[in-house]
Each structure stands twice: as structure tokens, then as C-alpha cells.
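In the working numbering, the protein residues as written are -4 to 570.
Don't be surprised by glycine CBs; every beta carbon is placed ideally from N, CA and C.
Bear in mind the structure is a predicted one, so any value in this text is a computation, not a measurement.
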Ligand code: FES
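Laid out in C-alpha cells, this is it:
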């Protein structure tokens, strides 16, 4: 065995001459591996979030095979392993409730097992941040292969986008402008290949930001799932991770404060999902990096929205890929990025993307013709959200960004569902819809309720947007003038819990304010009378979640998972 091989972490398991070495090798031989795999080849874990319950990741078994070919060809020894997977459309009460559970699963699976490096396969919304958080905490050499977006949805002669056109056509159906038959056809036409949602929703945002952070090979994020180049980049990622092990290139060397700033810049430029703010905050927390919400707003003010992709723009992720994808966005932004940041390629951001040609300037716009001159997401403060709230201005109605209206309060989502389409609802186009008890604890798990449907009676009058505020999140595929992530949330007695129907609320996006227009004495009176609701869980993971989850402004991680902790200690091996 060479000196280099003897330093491999996996050799603590497989390189031993004692009884334990026998046990580790002998039991793995049951899978039919020859003895040569134990002689100092880097062991590469392939962390797979494949699941038939996560349709967006259902093709990742095939992607894993391509990764394995790359690992073998570079002289490594690949071993694929599963973790919990998080399917956005199905999980109750919200996939977000389980992001931290998956992050723990990823971290501990990596730490506990005999591997030297890991390739992480992700796609659907929460699977990417969960793997980023877990890999960052485990800090073994890591590279991401994202699953890629679905092909475009096509209904008759129209291109239709995941989620975004669901919300659009649902309102059309409720307003009587399309038929039940049309609605059924749209359902069949939307998701027509493997992959994740193909608008700039949370999945496309988080995979794009994983590339912007430097954790994928250049150009990985936007390749459609069904494109053969997805498997080629998986193969090359398998080759590259073996080199990364030899170079000892770990996430802590890549995911720095500057790399996070690059990711935020790219997030703003692509009109990314509001969920990205929560996930990047959580990732920063894992690495002990203080990254205040205000920094997101500062970067937003300096960054133009250039990706003309739904829900902020017109096109779909397939078009984004053909235009050149994230390397073009980053090349165009280079003067605003930290170009010296190291990436998994072993080269810097600038070396990876400089000179990348754009093939369609209608999809990735030149900065001088940006969708909007400032970034897609802003941070609000005010007496309704003392620790912050988020508004995606690129998907909002410009005329509602300065707005004062009368609150119409829903105490929780069930209350909203029961009353929103009532013909007796006392609401008009100027009203501000307010949803309480939808935050991390109140939801529980901060469900994507924030994009509250417009009341049916207003839809019929042609109203297509209203100011809506809550402590919930919203799908990255959604649009509208929707204030989200209010912190502290109503379930812990935040000011949102004190709003009553009829109060005036003022949104001042330019001034970055959200205020309840009542005086301080009245606010104090209501606060003294506030009573907490009974919590949702008294046992199990739900109880751990409620006891440990942080508020939205801190990324909703568990308090005990933040920071880098002690370096990995060699614990005794046992069999
Ligand atoms: Fe998986 Fe949208 S449902 S990415």
C-alpha cells in the first residue's frame, strides 16, 4: 500500500490486519467485491435521495450508475447508500419539517461509514439544502450531482411551467374561464419527463445555488434530467471526487462567506425562490458563519434580475440550459462576484466561468435590459416583523409594492380554507389577507401556505393579485405580492398574532417596511392578552422539532446543529 493510500480514512476499516479488518472486509465481500477494492482505493459514498415517493428524484438510481462508472474509472471504489428522501408534493404537514431530519441522516451516514469522499444526488426542493447542510457538517470531500429539471410542459400550443401554471390555471378554473376537461388535460401535459420542477422554483434555485457555491462541476445545475449530458456530468463528477479525496478538498474550503455571497448574488440575479434565504441561512449557521438577513438585502439592492424564467419571467429551465445556464449568469456577474473562490473543480469561480458565451439573450438578459434593476427578493423590517420578513418583488405586482389596506385575518390555514370562497366574505381588492399560525412551530414546519388564493368573488371581478402576509413560506413556483417568513412567528406571540380584522397594514417595499398601524399602547394591551395555542406534538420527531427549531430569520435549523463543533474524533470501531 502506498503512503497516500495508508492515509485514507477508509483504511481505518479495511486496512487493518486484526480481527476487525477481517470482519469489515469479509462482510463487504458478501456483495461480491474482490479483495483488490480494499487495497487503498478511495472509497466514495454515493448519497442517494432516490425514492418513488420523490418523483423529482426517481431517476437518481440511473444517475448513480453513471457516477459509479466515473469512480471506478478514476481508481475509486463506489458504494451507494440511501437516506430519507423528501418529496415536496406528498409529505405532511410539510417537507420542510423533515429537512433537518434528512440533514442529520446525511451527516451521520457519512460520518459513521468507511468512506473517503461522497457524491450527493439531489433534486426536489428540500433534498438539496438537506444534503448541503449534512455534507457541510460532515466535511469529507464532497461533490453534488443535481438531478436536473423536467422537460418543458406543453399543453396544446402553450408552454406550461410546473407549479406556476397550476396556480394560474386553478384561478382560471375557479373564475370559469377554462373547463374541467381543460384542467384535466393540463394535469396530463405538465410533468412529462423525469426531473424536478422546471420553473425557477425552489429546486431549480437550490441546485443553481449549489453550482454557484462551487459544489458542482461547472454547468451541472440546469441540464435537463432527461438529457444525456446529465449522465455525462454524473460520470465526470465520479471521476472528480476521487481526485478531490487525493487533494483533500473539503466543503469547509469551498463554502466560505464569500462563496455564500456569490450564491446570494446569483439567487438575486435568477429571481430565485424565497426559500433559498432560509436554506442559505441554515447552511451558513452550520459553518459558524454569521450571515445577517440585512446582507441579503444589501446584495439584492446591487444585483439585477437577468433570468427571464418563470415565475419572475417568461421562459422555462430547458430554455435556461440552452441559453448557457448558470455559467453565463456568473460570467455576466463576474465583476460583482468573489471570483477567487475555490470550487470542486479545483479551480476558482472565475477560471470556471470566464468567457462563457450566452446563446439566447431573451432568456438570460443583458444587465442593461434586466427584468428589474434590483434583486428579486427583499428583506422587510417593521413593527409587524421585528426580526424580518421576505418579499419576492420580481414576482409581485409593482402597483402593490406601496400599499395600505384593511387586514382580513385568518387564524390558521383551516380557517382560511373554510372561508376564502364564501360569497359573504367582507373583502375587496385593497384588503390585505393575513394568515397566522403557519410558521415553523405554528404550521408546524412552515408549510407553503403563503401564496393565499385570491377570493373567488374577486377573481370573478378580474382581481389577480392582492397583498398577502404570513409567517409561512411559499412555493418557489408561486407569484404575487406575498410577504412571507415573518419573524418571530405568530405561534410564539410575534406581532403577527396580534393583528385583527379591520386593522390597517402598510407595505412599503421601497422603504423595506411592513407595519401594523396601531399605537404602541394598543399593541401592548393585545400582547398582554395573547394566549399560546396547544402545540401539535408531544412525542417523537415532532416534539424534537418543536423544541429545537429556530425561527425563519435564523434558517429554521435545529439549535443543536449549528456550528462546526469539535473536529471528527476517532471513536472506537466495533462490530
Ligand atoms: Fe419536486 Fe417541485 S415537486 S421540485
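- In this structure, the ligand FES has a non-hydrogen atom nearer than 7 angstroms to the beta-carbon of residue 83.
- Residue range 499 to 503 is occupied by the beta strand (DSSP E) that includes residue 501, with no alpha helix (DSSP H) assigned at that position.
- Runs of the alpha helix (DSSP H) lying entirely within the stretch 516 to 547, each at least 4 residues long, are 535 to 543 in chain order.
- In the structure shown, residue 489 falls within a coil segment according to DSSP collapsed to helix, strand and coil.
- For residue 120, the shortest separation between its Cβ and any heavy atom of the ligand FES lies below 7 angstroms.
- In this structure residue 507 is not in contact with residue 403, their Cβ atoms being roughly 24 angstroms apart against a cut-off of 8 angstroms.
- Secondary structure at residue 399: strand, using DSSP grouped into helix, strand and coil.
- For residue 188, the distance from the CB to the nearest heavy atom of the ligand FES is not below 7 angstroms.
- In terms of Cβ geometry, residue 51 and residue 78 do not form a close pair [threshold 8 angstroms].
- Between residue 398 and residue 358, the gap from beta carbon to beta carbon reaches 8 angstroms or more.
- The beta carbon of residue 14 is closer than 6 angstroms to none in its chain, skipping five residues each way along the sequence.
- The Cβ-Cβ distance between residue 547 and residue 435 falls below 8 angstroms.
- Collapsing the DSSP output to three states places residue 508 in a strand.
- In this structure, residue 80 has its beta carbon at no less than 7 angstroms from each heavy atom of the ligand FES.
- Counting every other CB atom within 10 Å of its CB across the protein chains shown gives residue 98 a total of 16 or more, marking it as buried.
- For the pair residue 36 and residue 226, the Cα-to-Cα distance works out to about 23 angstroms.
- Assigned with DSSP and collapsed to three states, residue 143 falls in coil, not helix or strand.
- The three-state reading of DSSP puts residue 124 in helix, counting H, G and I together.
- In this structure, the beta-carbon distance from residue 470 to residue 446 falls below 8 angstroms.
- A straight-line Cα-Cα distance of about 43 angstroms links residue 542 and residue 24.
- In the structure shown, the three-state DSSP call for residue 69 is coil.
- For residue 170, the CB stays at least 7 angstroms from every heavy atom of the ligand FES.
- For residue 176 against residue 133, the beta-carbon gap comes to about 51 angstroms, at or over 8 angstroms, which does not count as contact.
- Residue 193 and residue 313 have their C-alpha atoms spaced approximately 7 angstroms apart.
- Taking the Cα positions, residue 169 is about 23 angstroms away from residue 465.
- Closest in C-alpha terms to residue 127, from the list 44, 295, 30 and 480, comes 44.
- Excluding five sequence positions before and after residue 249, the CB atoms of its chain that fall closer than 8 angstroms to its own CB belong to 208, 209, 210, 336, 337, 338 and 339, given in chain order.
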